[in-house]
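Student: Here it is, the structure in full.
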Amino acid sequence: AQSVTQPDIHITVSEGASLELRCNYSYGATPYLFWYVQSPGQGLQLLLKYFSGDTLVQGIKGFEAEFKRSQSSFNLRKPSVHWSDAAEYFCAVGEGGNNRKLIWGLGTSLAVNP
Amino acid sequence: DAGVIQSPRHEVTEMGQEVTLRCKPISGHNSLFWYRQTMMRGLELLIYFNNNVPIDDSGMPEDRFSAKMPNASFSTLKIQPSEPRDSAVYFCASSLQGARNIQYFGAGTRLSVL
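Given below as structure tokens:
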């Protein structure tokens with residue numbers, strides 16, 4: 004069965020520092036991969052997605068993610084974190100086709116120190 | 009586009025009462041998902057519909073929970089009778105067939121059962 008692991012429950016970084024949030028998935032074929040962000044009291048917003056092609060994808064708010072098939076990973080990165088990036092980040096994987104479900108990681112909570 | 013609209017945003021009720029949560033998906037989207045989010049269990053898929061038909065309700069916790077989608081622009085999630093352990097944030101999301109599983113979320117309903 005498909006699964007998504009976000010190994011880091013909570014991360015704290017200083018404003019201006021670089022960020023990498025880890026995501027590992029278990030899936031036989033090439034999956035659809037997503038990162039969503041949830042600000043406090045809000046719904047989830049799509050940051051970026053990978054379907055095929057270039058393994059480095061760009062998203063909103065200056066985020067990027069790299070798909071590494073050999074490592075079954077889809078890590079999220081940002082070169083310089085802003086205080087407004089403090090939020091919960093979720094990685095998800097989808098099968099596509101007739102199965103519309105997404106399998107979700109448990110999330111990583113990001114705190115940003117001034 | 010108005011996005012996915014959920015109502016109410018907050019609901020406080022007493023144990024044993026019926027609770028109805030409402031969702032209006034993005035116009036033209038043909039898949040709708042109900043999720044529950046708690047600190048302990050993270051984001052759980054309760055049920056999803058495709059073209060107004062329930063496809064997978066394996067996540068519905070028990071018979072106290074029911075969901076309907078009478079038409080393409082409206083869905084309800086009902087809990088009867090409610091219990092304190094149902095306290096959570098409930099999200100609705102919608103997606104468009106052929107859009108590779110991209111889901112768009114509402115702002116959620118925070119339910120407190122006293």
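The listed protein sequences derive, respectively, from chains A and B. Residue numbers for the first sequence follow the working numbering, beginning at 4 and rising by one. Residue numbers for the second sequence follow the working numbering, beginning at 9 and rising by one. Ideal Cβ positions, reconstructed from N, Cα and C, are used throughout, including at glycine.
1. If we count Cβ pairs, one from each stretch, closer than 8 Å, do we get three or more for the region 17–33 of chain B versus the region 75–93 of chain A?
2. Pull up the distance between the alpha-carbon of Val96(A) and that of Asn78(A), whole angstroms please.
3. Flag this pair as touching only if the region 88–100 of chain B and the region 36–43 of chain B have three or more C-beta atom pairs under 8 Å; answer yes or no.
4. Listed from N- to C-terminal order along the chain, which residues in the region 61–75 of chain B have their beta-carbon within a distance smaller than 8 Å of any beta-carbon of chain A?
5. Against Arg103(A), what residues of chain B qualify as contacts under a CB-to-CB distance less than 7 Å, listed in chain order?
6. Candidates Asp64(B), Arg49(B) and His37(B): which alpha carbon is nearest Gly120(A)'s?
7. Could you give the first and the last residue of the continuous beta strand (DSSP E) run that contains Ser103(B)?
8. Cα separation between Lys104(A) and Leu50(A)?
9. Find the nearest neighbour of Lys64(A) within the set Val40(A), Tyr35(A) and Ala20(A), judged by alpha-carbon distance.
Tutor: Taking the coordinates as given:
1. They do not touch, by the three-pair rule.
2. When rounded, the distance between both Cα atoms is 13 Å.
3. The region 36–43 of chain B and the region 88–100 of chain B touch, with three or more beta-carbon pairs separated by less than 8 Å.
4. Hits within the stretch, in order: Ile63 and Asp64.
5. Per Cβ cutoff of 7 Å: Ser39, Tyr56, Asn58, Ser103 and Asn109.
6. Because chain A in this structure spans residues 4 to 117, residue 120(A) falls outside the shown range and cannot be described.
7. Start and end: Ala96 to Ser103.
8. Computed Cα separation, rounded: 18 Å.
9. When only C-alpha atoms are compared, the closest one is Val40(A).
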